[in-house]
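Undergrad:
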Amino acid sequence: MNVDTNILPIINLENVSQILLANIPQDDLLGQLIILKGQFILVEREGKESKYKFLSPEAVEKAFTSKTAASGWLSSNTIWWGKNPEGEAIIQFYSPQKYQIQIIGQEPEVITVPMPAFLFAGCGSRYYLWAVKGRVFKPDAQLYKPPLPNVWDDSSICFGGNSLSMCSAATISQVWDLFWKSPFNKDLSQGKSKTHPDNICNQLIKLHESKAKSYPSSDLVPVHSWKITTPEDIINHLFS
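Dropping the structure here:
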């Protein structure tokens with residue numbers, strides 16, 4: 001009788017698993033993942049204490065399928081980079097400075113105006129703009145509405161018919177330049193200034209004609225979102 005020596009013995013994986021689990025030193029056991037219907041519980045051990053955290057199936061899938069991501073070279077204005085299901089998410093900080101802008105239907109059409117510091121952010125195909133006081137970035141700073149037309153109440157920018165690149169470390173600076181080179185109109189010009197609440201363009205013309213050196217910080221209007229009032233909120237609520 002011929003014997004097939006290539007046949008391996010059948011291994012009972014359940015028994016092997018139980019033996020391995022029973023012999024794991026407790027100091028080596030860092031955590032456990034408990035699987036429920038539609039929900040996971042992560043049990044993490046820190047010394048003699050255990051911490052419990054509920055996880056969604058999406059979060060577990062992301063943890064097991066995520067790959068190392070590299071941002072590429074970041075510009076000097078970039079203060080935060082991340083990645084979510086929509087793509088790359090980036091936040092840039094621009095200190096107070098003067099900008100040349102064109103306002104359609106306004107005399108004069110091309111003006112030079114001082115602007116406060118800005119936070120410019122993008123994720124996927126959407127871009128956002130906030131004003132902040134001061135010259136130095138602070139993660140807990142109060143966010144203000146940008147004193148410009150063509151920005152919605154949720155701080156997203158209206159680019160009109162312009163075609164935009166998906167946000168990335170390689171393209172966000174190009175979108176920033178496009179924003180300033182594109183002509184503005186009077187759309188979405190209300191509620192951006194305390195002294196000119198009906199039309200921010202009138203405030204911009206006034207600053208241009210008086211050759212103001214800086215934008216008056218007292219004129220900025222705080223954002224009214226109940227979720228996003230600081231730069232940290234952008235990361236935690238808008239880009240999470």
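Numbering (UniProt numbering), first residue to last: 1 to 240.
Glycine included, each C-beta is placed from N, C-alpha and C at the ideal position.
Predicted, not measured: the structure shown is a model, and the values here were computed from it.
Could you give the uninterrupted runs of the beta strand (DSSP E) lying entirely in the segment 104 to 175, keeping only those of 3 residues or more?
TA: Those beta strand (DSSP E) runs which fall completely within the segment 104 to 175 and span 3+ residues are 110 to 115, 117 to 123 and 126 to 132.
Undergrad: Taking only three categories from DSSP, how would you classify VAL223?
TA: The answer is coil: DSSP assigns VAL223 none of H, G, I, E or B.
Undergrad: Which one of ILE90, PHE184 and HIS196 has the shortest CA to CA distance from SER218?
TA: Checked all of ILE90, PHE184 and HIS196; the closest Cα to SER218 is HIS196.
Undergrad: Buried or exposed: which applies to ASN15, given that a residue is buried once 16 or more other Cβ atoms fall within 10 Å of its Cβ?
TA: Exposed, since its Cβ has fewer than 16 Cβ neighbours within 10 Å.
Undergrad: Considering only C-alpha positions, which residue in the set PHE118, MET166, LEU220 and LEU148 is nearest to ARG135?
TA: Answer by Cα proximity: PHE118.
Undergrad: Going by beta-carbon coordinates alone, are SER125 and LEU188 separated by less than 8 Å?
TA: Cβ atoms of SER125 and LEU188: not closer than 8 Å.
Undergrad: Below 7 Å CB to CB, which residues in the same chain sit around MET166 once its five sequence neighbours on both sides are set aside?
TA: Hits under 7 Å: GLY87, GLY124 and SER125.
Undergrad: Closest by CA to TYR127, which one among PRO116, ALA141 and SER155?
TA: Here the closest residue by C-alpha is SER155.
Undergrad: CB-CB under 7 Å to TYR94, same chain, minus the five flanking residues each way: which ones, in chain order?
TA: ASN77, ALA117, PHE118 and PHE120, listed in sequence order.
Undergrad: Can you check which of these residues, GLN106, PRO231 and LYS186, is closest to ILE79 by C-alpha distance?
TA: Measuring from the Cα of ILE79, the nearest candidate turns out to be PRO231.
Undergrad: Would you say VAL175 and GLY122 are within 8 Å of each other, going by their C-beta atoms?
TA: Result yes, Cβ atoms of VAL175 and GLY122 sit closer than 8 Å.
Undergrad: I think ASN113 touches LYS98, with their Cβ atoms under 8 Å apart; what is that distance to the nearest whole Å?
TA: Looking at the sequence shown, residue 113 is not Asn but Val. Going by Cβ atoms, the distance from VAL113 to LYS98 rounds to 7 Å, so yes, they are a contact pair.
Undergrad: Could you give the residue range of the alpha helix (DSSP H) that holds residue 292?
TA: Only positions 1 to 240 of the chain appear in this structure, which leaves residue 292 out of reach.
Undergrad: Classify ILE172: buried if its beta carbon has 16 or more other beta carbons within 10 angstroms, exposed otherwise.
TA: Classification for ILE172: buried.
Undergrad: Return the chain-ordered list of same chain residues with a C-beta closer than 6 Å to the C-beta of ILE157, the five sequence neighbours on each side being excluded.
TA: So the list reads TYR127, LEU129 and VAL151, once near-sequence residues are dropped.
Undergrad: In the DSSP output, what is GLY87 paired with across the bridge?
TA: For GLY87, which the question treats as bridged, DSSP gives the partners ASN84.
Undergrad: Take the Cβ of VAL223 as the centre, count every other Cβ of all protein chains shown within 10 Å, and call the residue buried at 16 or more, exposed below.
TA: Answer is buried; the Cβ neighbour count reaches 16.
Undergrad: How far does the beta strand (DSSP E) with ILE200 in it reach, from first residue to last?
TA: Segment 200 to 209 is the alpha helix (DSSP H) holding ILE200; no beta strand (DSSP E) there.
Undergrad: Between the beta-carbon of LYS186 and the beta-carbon of PRO149, is there less than 8 Å?
TA: Yes, they are a contact pair.
Undergrad: Since SER75 is in the beta strand (DSSP E), which residue starts that stretch and which ends it?
TA: Note, SER75: premise wrong, no beta strand (DSSP E); not H, not E.
Undergrad: What residue from LYS51, TRP180 and ILE41 has the CA that sits closest to PRO57's CA?
TA: PRO57 has its Cα closest to that of ILE41, out of LYS51, TRP180 and ILE41.
Undergrad: Just list the residues that DSSP pairs LYS98 with in beta bridges.
TA: Bridge partners of LYS98: PRO114.
Undergrad: For SER50, which residues does DSSP report across the bridge?
TA: Answer by DSSP bridge pairing, in chain order: ARG45.
Undergrad: Indicate whether ALA89 and LEU220 have their beta-carbon atoms separated by less than 8 Å.
TA: Cβ distance not < 8 Å, so ALA89 and LEU220 don't count as in contact.
Undergrad: Are the Cβ atoms of ASN84 and PHE239 separated by less than 8 Å?
TA: A contact, by the Cβ cut-off of 8 Å.
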